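What follows is one structure encoded as structure tokens, with my remarks underneath.
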Amino acid sequence: MNSNKPPTISVVIPAYNEEKYLPKTLESVAKLDRKADEVVVIDGGSTDATAKVARSLGAIVITTQHQGIGYARQKGVEAGRSDIMAFTDADTIVPGNWLTKIEAILVRSGVVGVFGGFRVPDGPWFYRFYINVIQPPFNQILYWMGLPMASGQNLAFWKEKAMSVGGFPTDYKIAEDIEMARRLQTVGKVVYLPNLVVSASGRRGNEGWKLLPRVTKAFLLYFFFRKANTVGFPDQR
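Numbering (numbering that gives the first Met the number 0), first residue to last: 0 to 236.
Following this line, the structure appears as structure tokens:
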């Protein structure tokens, strides 16, 4: 990691029945000013044309069983062949300087991970309000307190360091990204870049208000008991 040779970067995208959204995600990755050394799509047993679409747009496809997002992300870490693993989701658009910013932070001494925020341009108004207005300052405060509220669609780290701490928790259905960042904190610094923002679909808010108690319960179990949660969150990864 301290070599004079530039690090290689794998972009990893978990996907489950994402033939509709995946093309725009892969197109945004293809337009990056700092190109990925490889793009890996972890297809969690899709029944649609996700794998075909991914391959047609130049991605490497790894097919796995559909066991949830923590499992899929860890399979991505294991499959990626680069020094750095940069994660996003199959319904997310990354900015053109995404990998440039990620690399600039990760090559700093002692830094093992970096994450940014996300915004949603669509979906129910209350979901957009929470994600776009409430969440950013809340995440900043928690980061200052030492808790990295990492988002899996905008998270990157050194593969070697991630594997040294066990990688993603494979039994988590939500908060696997936060747990990964907390694990990384045990071996180095995890940096939050509030101005590194990706654009994600607001469809996860389509369940309406009934989604709130389930997600709240999941996060309470995680934050107070560090307990793996299997809450019925809309699983589109």
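We put the CB at the ideal spot given by N, CA and C, even for glycine. Because the structure is a prediction, the values reported are computed rather than measured.
Tell me which same chain residues have a C-beta within less than 7 angstroms of the C-beta of residue i, skipping the five on either side of it?
i, result
"T49", "A14, N16, E17, E18, L21 and D42"
"R33", "L98, T99 and E102"
"P135", "G116 and P193"
"A71", "P13, I41, G43, T63 and R236"
I'd like to check one pair, residue j with residue i: are the Cβ atoms closer than 7 angstroms?
i, j, result
"V52", "V10", "no"
"I101", "V110", "no"
"L183", "F86", "no"
"M84", "V76", "yes"
"Q73", "G166", "yes"
"A180", "G116", "no"
"G151", "D176", "yes"
"P168", "G69", "yes"
Tell me which same chain residues have a C-beta within less than 8 angstroms of the C-beta of residue i, skipping the five on either side of it?
i, result
"K30", "G95"
"D82", "M0, P6, T7, I8, W157, K158 and E159"
"T185", "V164"
"Q66", "G43 and T169"
"A58", "I12, L25, V38, V39 and V40"
Within 10 Å of its beta-carbon, does residue i have 16 or more other beta-carbons around it, so buried, or fewer, so exposed?
i, result
"S200", "buried"
"K172", "buried"
"P120", "exposed"
"V132", "exposed"
"N138", "buried"
"L25", "buried"
"L195", "buried"
Under a CB-based cut-off of 7 angstroms, is residue i close to chain C?
i, result
"G166", "As a matter of chain content, chain C is missing from the structure shown, which is built from one protein chain."
Of the choices the options, whose alpha-carbon is the least far from that of residue i?
i, options, result
"W124", "M179, T91, P193 and G204", "G204"
"G79", "D170, A161 and E178", "A161"
"T46", "T91, L211, F117 and Q64", "Q64"
"S310", "R107, R225 and I130", "Here the chain covers residues 0 to 236 and nothing more, so residue 310 does not appear."
"S108", "K216, V190, R54 and Q134", "V190"
"Y126", "L210, P193, F224 and A71", "L210"
"F114", "T62, L192 and V106", "L192"
"D90", "E206, A217, V106 and K23", "K23"
"E178", "R118, F128 and R225", "R225"
Looking only at its own chain, which residues have a Cβ that is under 6 angstroms from the Cβ of residue i, when we skip the five neighbours before and after it?
i, result
"A174", "Y221"
"L141", "M148"
"S27", "I92 and V93"
"R54", "V60"
"T62", "D42"
Next on the checklist: Please give the ranges of any beta strand (DSSP E) in the stretch 24 to 91, keeping only runs that are unbroken, at least 3 residues long and fully inside the region.
Outcome noted: As far as the stretch 24 to 91 is concerned, its whole beta strand (DSSP E) runs of at least 3 residues are 37 to 42, 59 to 62 and 83 to 86.
Checklist entry - Where are the beta strand (DSSP E) runs, 3 residues long or more, that stay fully inside the stretch 87 to 125, in chain order? => result Listed in chain order, they are 110 to 118.
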